[in-house]
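Asker:
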Amino acid sequence: MTLKNNNKVSRYLTAKNWVLVLFFLHCSVFISGCGVYSFTGTNLSPDIKTFSVLNFTMGTAGGPSDLPQRLTEELKEYFQRNTSLVSQPGGGDLVLEGSITGYDVLAAAPTANDQAGLNRLNVTVQVRYTNAKDETKNFDQSFTYYADFPQDQTLNQNEARLLPTIRENIVQQIFNKSAADW
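Following the UniProt record's numbering, the numbering of the sequence shown begins with 1 at its first residue and continues without gaps.
Here's what the structure looks like:
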């Protein structure tokens, strides 16, 4: 009777060992698969280690004088928060530079008597992106975002409220095009 119990125990241990082996194999495949993807959506080559954001310039009339500086700093901060790249003043593996080429207030949402129901602040930024490791990823492209404000209010009344949202969305567009390759 003890021999019979020993056979059951050895078969049980063998089956248990196989289950554990299969479990660990499954886990290792699953975990190694996670290394290919990024939670921030970046699609950068592992040999890219640094980035540079050169000072953006104001290439249009209008707009606050600190807009290029704020855009430059927010772009640097976004890359630092969402990638493992190290910021350099110049000569990074990735280089972003550009100019604010549009700062316009346009009529939006026309009403029945041909007046604007809303005004729209429209900001356009021309960006040149250089990838020193893969020149096929380089681009020179404009990015635009806008925000609306009531027609009975002035731009000065709304600018401080609208610009952070506009900059945030333009930074996100630039990041998606350059680092996430969307």
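For every residue, glycine included, the Cβ atom is placed at its ideal position computed from N, Cα and C. Keep in mind the model is a prediction, meaning the values are calculated, not measured.
Expressed to the nearest angstrom, what Euclidean distance is found between the alpha-carbon atoms of Thr165 and Asp66?
Answerer: Cα to Cα, the separation comes out at about 15 Å.
Asker: Counting only runs that start and end within the stretch 54-101, where is the alpha helix (DSSP H) found for 4 or more residues in a row?
Answerer: Segments of the alpha helix (DSSP H) lying fully in the stretch 54-101: 67-82.
Asker: Using a Cβ-Cβ cut-off of 6 Å (strictly less than) and excluding sequence neighbours within five positions of Asn158, which residues of its own chain qualify?
Answerer: Taken in chain order, the residues that qualify are Phe149.
Asker: So, at 7 Å on beta carbons, what are the nonlocal neighbours of Tyr103 in its own chain, with the 5 sequence-adjacent residues on each side left out?
Answerer: Once the five neighbours on either side are set aside, the close Cβ partners of Tyr103 are Thr60, Gly62, Gly63 and Val123.
Asker: Out of curiosity, what's the CA-to-CA distance linking Tyr78 and Asn169?
Answerer: Distance between the alpha carbons of Tyr78 and Asn169 is about 11 Å.
Asker: Taking Cβ to Cβ, would you say Ser87 is nearer than 9 Å to Val53?
Answerer: Yes.
Asker: If you count every other CB in all the chains shown that lies within 10 Å of the CB of Asn113, and 16 or more means buried, which is it?
Answerer: Exposed, by the Cβ-count rule.
Asker: Under the rule that 16 or more other beta-carbon atoms within 10 Å means buried, what is Arg161, buried or exposed?
Answerer: Classification for Arg161: exposed.
Asker: Just reading off the beta strand (DSSP E) that Ala180 is part of, what are its end residues?
Answerer: Looking at the DSSP string, Ala180 is not in any beta strand (DSSP E), and its letter there is neither H nor E.
Asker: Since Gln126 sits in a beta bridge, which residues does DSSP pair it with?
Answerer: Partner(s): Ser99 and Ser142.
Asker: Confirm, please, whether the CB-CB distance from Phe51 to Ile100 is below 9 Å.
Answerer: Contact flag unset, no.
Asker: Determine, using beta carbons only, whether Gly71 and Ser178 come nearer to each other than 9 Å.
Answerer: The residue asked about is misnamed: residue 71 is Leu in this sequence, not Gly. Cβ distance not < 9 Å, so Leu71 and Ser178 don't count as in contact.
Asker: When the Cα of residue 268 is compared with those of Asn43, Arg120, Ala132 and Ile174, which residue comes out closest?
Answerer: Since the first residue of the chain shown is 1 and the last is 182, residue 268 is not available in this structure.
Asker: Going along the chain, which residues of its own chain have a beta-carbon closer than 8 Å to the beta-carbon of Gly90, five neighbours each way excluded?
Answerer: So the qualifying residues of the chain are Ser52 and Leu54.
Asker: Please go through the same chain and pick out, in chain order, the residues whose beta-carbon is closer than 6 Å to the beta-carbon of Gln126, but skip the five residues on each side of it.
Answerer: These residues qualify, in order along the chain: Gly98, Ser99, Thr101 and Ser142.
Asker: CB-CB under 8 Å to Lys133, same chain, minus the five flanking residues each way: which ones, in chain order?
Answerer: Ser45, Asp47, Ile48 and Asp93, listed in sequence order.
Asker: Look up Thr165 in the DSSP assignment and say whether it is helix, strand or coil.
Answerer: Reduced to three states, the DSSP call for Thr165 is helix.
Asker: Who are the Cβ neighbours of Arg128 in its own chain at under 7 Å, not counting the five residues just before and after it?
Answerer: So the qualifying residues of the chain are Glu97, Gly98 and Asp140.
Asker: Near Ala108, which residues of its chain fall below 7 Å by C-beta distance, leaving aside the five closest residues on each side in sequence?
Answerer: Hits under 7 Å: Ala116, Leu118, Asn119, Arg120 and Asp148.
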